[in-house]
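Novice:
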Amino acid sequence: MPILIVSKIRYSNASKGSLAYELLMSNRDFQKNLVEERKTNGDKNIYFLDGSTILEDDYFECTVDGVHPTDLGSYRIANALISVIKNILSE
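In the numbering used here, the protein residues as written are 8 to 98.
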């Protein structure tokens, strides 16, 4: 059974250099390293998607209140997930 680990999307207060951004990147790196460690140990069915990139450069336009996705944010999340899931299932 494939497992897809998706890190958090970028919130509107997570501009580069902010504490929120540093925490987001720290958590993302932890998840990414965990997936890489599992792959190194033989788990071929675990995957990682960097959620901080899903909303693109205008991430602050993709949430209603800085956290919850708008239609645009949901659209971008869906497109990212569809693409990754298709790739996983085609393997």
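For every residue, glycine included, the Cβ atom is placed at its ideal position computed from N, Cα and C.
The structure displayed is predicted, hence computed values, not measured ones.
1) Measure the beta-carbon distance from Tyr-82 to Pro-9 and round it to whole angstroms, keeping in mind my assumption that it falls under 8 Å.
2) Name the DSSP bridge partner or partners of Tyr-54?
3) Smallest Cα separation from Asp-57: which of Asn-94, Leu-96, Gly-24 and Ile-84?
4) Taking the straight line between their C-alpha atoms, what separation do you get for Asp-72 and Tyr-28?
5) CB-CB under 6 Å to Gly-74, same chain, minus the five flanking residues each way: which ones, in chain order?
6) How close, in whole Å, do the beta carbons of Ser-59 and Ser-22 come, if the pair is a contact with beta carbons under 8 Å?
7) Mapping the DSSP letters down to three states, classify Thr-70 as helix, strand or coil.
8) Please report the residue range of the alpha helix (DSSP H) in which Gly-49 lies.
Specialist: Judging by the given coordinates:
1) Tyr-82 to Pro-9, Cβ: 24 Å. No contact.
2) Per DSSP, Leu-11.
3) If we check each option's Cα against that of Asp-57, Ile-84 comes out closest.
4) Distance between the alpha carbons of Asp-72 and Tyr-28: 17 Å.
5) First, the amino acid is wrong: residue 74 is Val here, not Gly. Excluding its 5 nearest sequence neighbours in each direction, Val-74 has C-beta neighbours in its own chain below 6 Å: Tyr-18, listed in chain order.
6) Wrong, their Cβ atoms sit about 12 Å apart, outside the cutoff.
7) Looking at Thr-70 - three-state DSSP - the assignment turns out to be strand.
8) Run containing Gly-49: none; DSSP gives neither H nor E here.
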